[in-house]
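*Asks:*
Protein chains: 4
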Amino acid sequence: MRILVTNDDGIFAPGLWILAKELKSVARVVVVAPDREQSATGTAITLRQPLRVQRVTPVVPDVDTYSVEGTPSDSVILALGKLTENGVDMVISGINRGSNLGDDVLLSGTVGAALQGYLRGLPAIAISIASADSHHLDNAAKLAALLAKKILAGTLPADLFLNVNLPDLPLAKIKGIKITQLAHKTHIDTVEEGHDGRREYYWLVRQKLGTNTDKDTDIWTLEQGNISITALHNTLFQKPPLGITDSLCSDLFQKLKQS
Amino acid sequence: MRILVTNDDGIFAPGLWILAKELKSVARVVVVAPDREQSATGTAITLRQPLRVQRVTPVVPDVDTYSVEGTPSDSVILALGKLTENGVDMVISGINRGSNLGDDVLLSGTVGAALQGYLRGLPAIAISIASADSHHLDNAAKLAALLAKKILAGTLPADLFLNVNLPDLPLAKIKGIKITQLAHKTHIDTVEEGHDGRREYYWLVRQKLGTNTDKDTDIWTLEQGNISITALHNTLFQKPPLGITDSLCSDLFQKLKQS
Amino acid sequence: MRILVTNDDGIFAPGLWILAKELKSVARVVVVAPDREQSATGTAITLRQPLRVQRVTPVVPDVDTYSVEGTPSDSVILALGKLTENGVDMVISGINRGSNLGDDVLLSGTVGAALQGYLRGLPAIAISIASADSHHLDNAAKLAALLAKKILAGTLPADLFLNVNLPDLPLAKIKGIKITQLAHKTHIDTVEEGHDGRREYYWLVRQKLGTNTDKDTDIWTLEQGNISITALHNTLFQKPPLGITDSLCSDLFQKLKQS
Amino acid sequence: MRILVTNDDGIFAPGLWILAKELKSVARVVVVAPDREQSATGTAITLRQPLRVQRVTPVVPDVDTYSVEGTPSDSVILALGKLTENGVDMVISGINRGSNLGDDVLLSGTVGAALQGYLRGLPAIAISIASADSHHLDNAAKLAALLAKKILAGTLPADLFLNVNLPDLPLAKIKGIKITQLAHKTHIDTVEEGHDGRREYYWLVRQKLGTNTDKDTDIWTLEQGNISITALHNTLFQKPPLGITDSLCSDLFQKLKQS
Numbered sequence: 033m034r035i036l037v038t039n040d041d042g043i044f045a046p047g048l049w050i051l052a053k054e055l056k057s058v059a060r061v062v063v064v065a066p067d068r069e070q071s072a073t074g075t076a077i078t079l080r081q082p083l084r085v086q087r088v089t090p091v092v093p094d095v096d097t098y099s100v101e102g103t104p105s106d107s108v109i110l111a112l113g114k115l116t117e118n119g120v121d122m123v124i125s126g127i128n129r130g131s132n133l134g135d136d137v138l139l140s141g142t143v144g145a146a147l148q149g150y151l152r153g154l155p156a157i158a159i160s161i162a163s164a165d166s167h168h169l170d171n172a173a174k175l176a177a178l179l180a181k182k183i184l185a186g187t188l189p190a191d192l193f194l195n196v197n198l199p200d201l202p203l204a205k206i207k208g209i210k211i212t213q214l215a216h217k218t219h220i221d222t223v224e225e226g227h228d229g230r231r232e233y234y235w236l237v238r239q240k241l242g243t244n245t246d247k248d249t250d251i252w253t254l255e256q257g258n259i260s261i262t263a264l265h266n267t268l269f270q271k272p273p274l275g276i277t278d279s280l281c282s283d284l285f286q287k288l289k290q291s
Numbered sequence: 033m034r035i036l037v038t039n040d041d042g043i044f045a046p047g048l049w050i051l052a053k054e055l056k057s058v059a060r061v062v063v064v065a066p067d068r069e070q071s072a073t074g075t076a077i078t079l080r081q082p083l084r085v086q087r088v089t090p091v092v093p094d095v096d097t098y099s100v101e102g103t104p105s106d107s108v109i110l111a112l113g114k115l116t117e118n119g120v121d122m123v124i125s126g127i128n129r130g131s132n133l134g135d136d137v138l139l140s141g142t143v144g145a146a147l148q149g150y151l152r153g154l155p156a157i158a159i160s161i162a163s164a165d166s167h168h169l170d171n172a173a174k175l176a177a178l179l180a181k182k183i184l185a186g187t188l189p190a191d192l193f194l195n196v197n198l199p200d201l202p203l204a205k206i207k208g209i210k211i212t213q214l215a216h217k218t219h220i221d222t223v224e225e226g227h228d229g230r231r232e233y234y235w236l237v238r239q240k241l242g243t244n245t246d247k248d249t250d251i252w253t254l255e256q257g258n259i260s261i262t263a264l265h266n267t268l269f270q271k272p273p274l275g276i277t278d279s280l281c282s283d284l285f286q287k288l289k290q291s
Numbered sequence: 033m034r035i036l037v038t039n040d041d042g043i044f045a046p047g048l049w050i051l052a053k054e055l056k057s058v059a060r061v062v063v064v065a066p067d068r069e070q071s072a073t074g075t076a077i078t079l080r081q082p083l084r085v086q087r088v089t090p091v092v093p094d095v096d097t098y099s100v101e102g103t104p105s106d107s108v109i110l111a112l113g114k115l116t117e118n119g120v121d122m123v124i125s126g127i128n129r130g131s132n133l134g135d136d137v138l139l140s141g142t143v144g145a146a147l148q149g150y151l152r153g154l155p156a157i158a159i160s161i162a163s164a165d166s167h168h169l170d171n172a173a174k175l176a177a178l179l180a181k182k183i184l185a186g187t188l189p190a191d192l193f194l195n196v197n198l199p200d201l202p203l204a205k206i207k208g209i210k211i212t213q214l215a216h217k218t219h220i221d222t223v224e225e226g227h228d229g230r231r232e233y234y235w236l237v238r239q240k241l242g243t244n245t246d247k248d249t250d251i252w253t254l255e256q257g258n259i260s261i262t263a264l265h266n267t268l269f270q271k272p273p274l275g276i277t278d279s280l281c282s283d284l285f286q287k288l289k290q291s
Numbered sequence: 033m034r035i036l037v038t039n040d041d042g043i044f045a046p047g048l049w050i051l052a053k054e055l056k057s058v059a060r061v062v063v064v065a066p067d068r069e070q071s072a073t074g075t076a077i078t079l080r081q082p083l084r085v086q087r088v089t090p091v092v093p094d095v096d097t098y099s100v101e102g103t104p105s106d107s108v109i110l111a112l113g114k115l116t117e118n119g120v121d122m123v124i125s126g127i128n129r130g131s132n133l134g135d136d137v138l139l140s141g142t143v144g145a146a147l148q149g150y151l152r153g154l155p156a157i158a159i160s161i162a163s164a165d166s167h168h169l170d171n172a173a174k175l176a177a178l179l180a181k182k183i184l185a186g187t188l189p190a191d192l193f194l195n196v197n198l199p200d201l202p203l204a205k206i207k208g209i210k211i212t213q214l215a216h217k218t219h220i221d222t223v224e225e226g227h228d229g230r231r232e233y234y235w236l237v238r239q240k241l242g243t244n245t246d247k248d249t250d251i252w253t254l255e256q257g258n259i260s261i262t263a264l265h266n267t268l269f270q271k272p273p274l275g276i277t278d279s280l281c282s283d284l285f286q287k288l289k290q291s
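Chains as they are written, first to last, in the working numbering: chain A, 33 to 291; chain B, 33 to 291; chain C, 33 to 291; chain D, 33 to 291.
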């Protein structure tokens, strides 16, 4: 069994390698990720230019690792179409430094990468932790490994596209795992004006809008101290929720606490 | 009333200006579009770099026109957040040279731009014509104007996000207008290898997969010679279809044939 | 006779078109220039990626005009290698908004473009005006036309690479035209730190160093109210100065005042 | 004493690290280099966009190492202006995979990086090996160390800007070290046409022109099996050759064979 690991924070981001290391206990891991941070590149793929790929020394030993001068989506397409000989069995993207919730899901390179796996018929997971500091990446890595194990064992169906977000809290302070819906109208991009000494410029700044009080949304759920799992195959592709149930959640949470 | 017109083929694409010209009969038009082709940039927005904007001479007179060194989404965010003084009432993105159907919708810069309008609470339309040659841009422009007129008149509700695709046929050969669902697993990106004389490279090539035979899908509908309208607010955001009905379609098609 | 006109301020910069218009009185003009501002790209050429070119509507009628998604050097290479059927007889780059003096010459896209012409065996002129406001572009355009006329008539030898800088003054306030040497150690790039709300960044700011008091330098000459001509074929390529003499300068200045 | 090491092949190129390792025997080494290959970026510096820098794990231990999302020139400017606390005493750029001779010197990112050091008043060396395979990087590294030792010891004056090229031969087959002049009209960029399935493109291909028979040129000298040293401070900046003499060359060659 092989898992493709990628991200949008770039190939040297700590979250990527904590994830890769944990997943090595579940399956063989291949890392193909952008060489630079690619936040907010969303679903972008590069069709107008060729892509350059470099084999690089892995941070975690025994992991085939490729650095791509392109987007997260490009990385997955290259991995599945060329770089892995016999393909892979799953795509996991992250651990993103900062949450991907609500409308942000559509703009997130982390989710965009997982989407490319799903469109190729593979189970796909995007996983993020709700703080740029990301003190508790280990929780996210362990949860990803638990999900991967269930999928590879056939306990969960394979036609999955999950968006997982964890609060940046020690496990003891996390309340549980909940199935959520995407919140909407959650972010806005404001425009700041600047001048570089020669010309004017504009700089987009993405901001979260107020507090979301819809109780089934990913944003509210996370803010209450829970881990949020959104079944994007259900939300964006009108597929059945496929075993993403409350009992799955309590089972996962139980195992996470024991791990 | 003001309509923001944008695209992903770049500010000098003929489809953009045929659309702008036709929409001038309905409302005041502002054009803010990428300075270069930005196909397949999907939902990408530029957060890591500032954006440069230039006021340029419009191809159609009396249209405030700005060229943006960024993505289609960047263009809409800048237009709404900074370049238009009192905002706009609607965003129309296109006319794209080539269809945006099925999975392509998630990767399309044309749709990505309209999405930014919708996320800001504006009615948003992405419109494309199913051929790179695009001989019949006028049909698309007229249909966009008919839709805009209905929305601005309040005949259609404002919380709309429509993806419209026309076959590249003379009006007499188009059968009708149909409401459709997004087809899935419709495209694949293959990877071609090349060498520039110094180093290897990979080039992604996007290809349509076989024939889609689901009769309610956008792809099948278009292939049968119909205009396809997909209510993306319904599909991607789980909102009610909101007046996007068969009777709307026959009314629009009637008016299109008379125009 | 044909003149290739290019620049590094981008294809819609006013300086480019005032120059093209004036040169039309001397020869046939072809414009091939970057689609975006490309300041400080120096000698850079694009070898790792393909280049996209678009034929665009000229600002001045009857000028074949191509917009290049690349550097000024790329534009000249494409023009000479592909876009002009029978080649051209001369390359003129400018009119740059802001002077190109001293060490800046090596970093200037304006000069970099002219260099590509010179390396192909063509007479090459880079021309700049010493102010971002550039109120007196007409002087520069006329001087370029006078030089071009002399070269095409064979009065000046063809193996030329000239760097011309004008003060942004009305002609009546300009003292004369002088042959100069490049000043050295003239600029410094300082580094400003910033933060985009997510990550730190650095921004380079190019600054002129103090006052240059060497009387034969381009910087001192311009600051004294003269037009400066530096024979870069002499300075950078150790070729003879080739007719770039004081009597040429007084003749040019005479003609400029009469024009 | 501190030496800044950079290149244009990117921060993971083997030539960079063989150089850094060897120079550690002479002085403290800091590496600041582009995160991606930047060939042919010449003198380009980035003024219109901010630059991102990342501290990375060095390939050779105990070397402060920064990866820059920019050009070789950007890397040197950032290193000197911000990243090294007390500045450095010398800039060495390379070991480039492929020679930098004749006109290529003006377009080379390797030389462009060294130029930025020279413009800041530091001794600067660009060093390249004449084959993309680069089997004999060790010769180049050792020669760089010998030059650095002489400069830091004050045996050579500090106002130096040297361009060094080695044949890719075992030391026993190298004839000697010669002082050379830049060859001119040495390369041409041809234009290849292509099509990506959607649009046409052009791709520049840089090619060496015939055989250069001027016996004092860098190209001829290298082709005869010698190491070429060009004093660019003399050639491009009209400074005295400053101790770059035949006896220096024989001394260096002697030491190189003993090392």
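Beta carbons are placed, not taken as given, at the ideal position from N, Cα and C, and that holds for glycine.
Can threonine 38(C) and alanine 65(C) be called in contact, C-beta distance under 8 Å?
*Replies:* Position 6 of the third sequence, counted from the start, is the residue given in the question as residue 38(C). Position 33 of the third sequence, counted from the start, is the residue given in the question as residue 65(C). Yes, these two residues count as a Cβ contact at 8 Å.
*Asks:* Along the chain, where does the beta strand (DSSP E) containing histidine 219(D) start, and where does it finish?
*Replies:* Position 187 of the fourth sequence holds residue 219(D). DSSP places histidine 219(D) inside the beta strand (DSSP E), whose first and last residues are 219-227.
*Asks:* List the DSSP bridge partners of glycine 126(A).
*Replies:* The residue you call residue 126(A) lines up with position 94 of the first sequence. Partner(s): Ile159(A).
*Asks:* Based on Cα-Cα distance, which residue from Gly208(B), Thr142(B), Ala156(B) lies nearest to aspartate 283(B)?
*Replies:* On the second sequence, residue 283(B) is found 251 positions in, with the first residue counted as 1. Of the candidates Gly208(B), Thr142(B), Ala156(B), the one whose C-alpha sits nearest the C-alpha of aspartate 283(B) is Gly208(B).
*Asks:* Spatial neighbours of lysine 205(C) within its chain, please: C-beta separation below 7 Å, excluding the five flanking residues on both sides.
*Replies:* Within the third sequence, residue 205(C) is the residue found at index 173, counting from 1. If we look at lysine 205(C) and ignore the five residues flanking it on each side, its Cβ neighbours are Gly257.
*Asks:* If you reduce the DSSP assignment to three classes, tell me which class glutamine 315(B) lands in.
*Replies:* As shown, chain B starts at 33 and ends at 291. That puts residue 315(B) outside it, with no answer to give.
*Asks:* In chain D, which residues lie less than 8 Å from valine 223(A) when you measure between Cβ atoms?
*Replies:* Here residue 223(A) refers to the residue found at position 191 of the first sequence. Those within 8 Å of valine 223(A) in chain D number zero; the least Cβ separation is about 17 Å.
*Asks:* Give a yes or no on whether the minimum CB-CB distance between arginine 152(B) and chain C is below 8 Å.
*Replies:* Taking the first residue of the second sequence as 1, we reach residue 152(B) at position 120. So no, arginine 152(B) is outside the interface.
*Asks:* Give the range of the beta strand (DSSP E) segment to which asparagine 132(C) is assigned.
*Replies:* Within the third sequence, the letter at position 100 stands for residue 132(C). No beta strand (DSSP E) holds asparagine 132(C); DSSP gives it neither H nor E.
*Asks:* By the 8 Å beta-carbon criterion, what residues does the segment 143-168 of chain C contribute toward chain A?
*Replies:* Ala164
*Asks:* Is the beta carbon of leucine 138(A) sitting closer than 8 Å to the one on alanine 215(A)?
*Replies:* In the first sequence, the residue the question calls residue 138(A) occupies position 106. In the first sequence, the residue the question calls residue 215(A) occupies position 183. With respect to alanine 215(A), leucine 138(A) sits apart: the two C-beta atoms are not nearer than 8 Å.
*Asks:* Would you say aspartate 228(C) reaches chain A, if we count a Cβ-Cβ gap shorter than 8 Å as a contact?
*Replies:* Taking the first residue of the third sequence as position 1, residue 228(C) is located at position 196. Chain A has a Cβ within less than 8 Å of the Cβ of aspartate 228(C).
*Asks:* Taking the continuous beta strand (DSSP E) assigned at valine 237(B), which residues delimit it?
*Replies:* Within the second sequence, residue 237(B) is the residue found at index 205, counting from 1. 232-240 is the extent of the beta strand (DSSP E) around valine 237(B).
*Asks:* Does any residue of chain B bring its CB to less than 8 Å from the CB of glutamate 101(C)?
*Replies:* What you label residue 101(C) is simply residue 69 of the third sequence in a count that begins at 1. Yes, because at least one Cβ of chain B sits closer than 8 Å to the Cβ of glutamate 101(C).
*Asks:* Near aspartate 278(C), what residues of its chain come up, given a Cβ to Cβ distance below 6 Å and the 5 sequence neighbours on each side ignored?
*Replies:* Numbered from 1 along the third sequence, position 246 holds the residue referred to as residue 278(C). Correct list: empty, nothing qualifies.
*Asks:* If we cut at 8 Å on Cβ distances, does glutamine 290(C) have a partner in chain B?
*Replies:* The residue you call residue 290(C) lines up with position 258 of the third sequence. By this cut-off, glutamine 290(C) is not an interface position.
*Asks:* Measuring alpha carbon to alpha carbon, tell me which of Ile124(A), Ala190(A), Ala76(A), Ala164(A) ends up nearest glycine 153(A).
*Replies:* For the purposes of this step, residue 153(A) is taken as residue 121 along the first sequence, with counting starting at 1. When only C-alpha atoms are compared, the closest one is Ala190(A).
*Asks:* Considering Cα atoms alone, identify which of Ala45(C), Glu69(C), Gly275(C) is closest to isoleucine 183(C).
*Replies:* Here residue 183(C) corresponds to residue number 151 of the third sequence, with the count starting at 1. Nearest C-alpha to isoleucine 183(C): Gly275(C).
*Asks:* Only counting the same chain, and skipping five residues up and downstream in sequence, which positions put a Cβ closer than 7 Å to that of leucine 188(B)?
*Replies:* Residue numbering aside, residue 188(B) sits at position 156 when the second sequence is read from its first letter. The residues are Lys182, Gly275.
*Asks:* By Cβ distance below 7 Å, which residues in the same chain neighbour isoleucine 220(B) in space, the five residues on each side in sequence not counted?
*Replies:* Residue mapping note: residue 220(B) aligns to position 188 of the second sequence, counting from 1. Taken in chain order, the residues that qualify are Gln239, Leu241.
*Asks:* Can you tell me the Cα-Cα spacing of leucine 261(D) and aspartate 248(D), whole angstroms?
*Replies:* The residue given as residue 261(D) occupies position 229 in the fourth sequence. The residue given as residue 248(D) occupies position 216 in the fourth sequence. In the sequence as displayed, the identity of residue 261(D) is isoleucine instead of leucine. Near 11 Å, if we compare the C-alpha coordinates of aspartate 248(D) and isoleucine 261(D).
*Asks:* Going by C-alpha to C-alpha distance, which of Ala145(B), Pro273(B), Asp246(B), Gly130(B) sits closest to serine 166(B)?
*Replies:* Against the second sequence, residue 166(B) aligns to sequence position 134. Per the Cα distances, Gly130(B).
*Asks:* Contact criterion: CB-CB distance below 8 Å. Does leucine 268(C) meet it with respect to chain D?
*Replies:* Here the question's residue 268(C) lines up with position 236 in the third sequence. Cβ-Cβ to chain D under 8 Å: yes for leucine 268(C).
*Asks:* Here's a check: name, in chain order, each residue in its chain whose Cβ is nearer than 7 Å to the Cβ of tyrosine 150(B), leaving out the five neighbours to either side.
*Replies:* The residue you call residue 150(B) lines up with position 118 of the second sequence. The residues are Ala156, Phe193, His265.
*Asks:* By the 10 Å Cβ neighbour count, where 16 or more other Cβ atoms means buried, how is lysine 289(D) classified, buried or exposed?
*Replies:* If you number the fourth sequence from 1, residue 289(D) lands on position 257. By the neighbour-count rule (16 or more Cβ atoms within 10 Å), lysine 289(D) is not buried but exposed.
*Asks:* Could you give the distance in angstroms between the alpha-carbon of glycine 229(B) and the alpha-carbon of alanine 185(A)?
*Replies:* Against the second sequence, residue 229(B) aligns to sequence position 197. Against the first sequence, residue 185(A) aligns to sequence position 153. If you take the alpha carbons of glycine 229(B) and alanine 185(A), they lie about 46 Å apart.
*Asks:* Helix, strand or coil, according to DSSP, for lysine 289(D) in the structure here?
*Replies:* By 1-based counting over the fourth sequence, the position of residue 289(D) is 257. Three-state DSSP puts lysine 289(D) in a helix.
*Asks:* Quick one: Cα of isoleucine 292(A) to Cα of asparagine 197(A), how far?
*Replies:* What the structure shows of chain A is the stretch from 33 to 291, and residue 292(A) is not part of that stretch, so it cannot be assessed.
*Asks:* Tell me which same chain residues have a C-beta within less than 8 Å of the C-beta of asparagine 128(B), skipping the five on either side of it?
*Replies:* Position 96 of the second sequence holds residue 128(B). For asparagine 128(B), where only same-chain residues beyond five positions count, the Cβ hits under 8 Å are Asn39, Asp40, Asp41, Gly47, Ser140, Thr142, Ala158, Ile159, Ser160, Ile161.
*Asks:* By the 8 Å beta-carbon criterion, what residues does the segment 59-74 of chain D contribute toward chain A?
*Replies:* Asp67, Arg68, Glu69
*Asks:* For leucine 36(C), name the three-state secondary structure that DSSP assigns.
*Replies:* The residue you call residue 36(C) lines up with position 4 of the third sequence. Residue state, collapsed to three classes: strand.
*Asks:* Using a Cβ-Cβ cutoff of less than 6 Å, which residues in the same chain neighbour leucine 178(C) once the five nearest sequence positions on both sides are dropped?
*Replies:* Translated into positions along the third sequence, residue 178(C) becomes position 146. So the qualifying residues of the chain are Leu284, Lys287.
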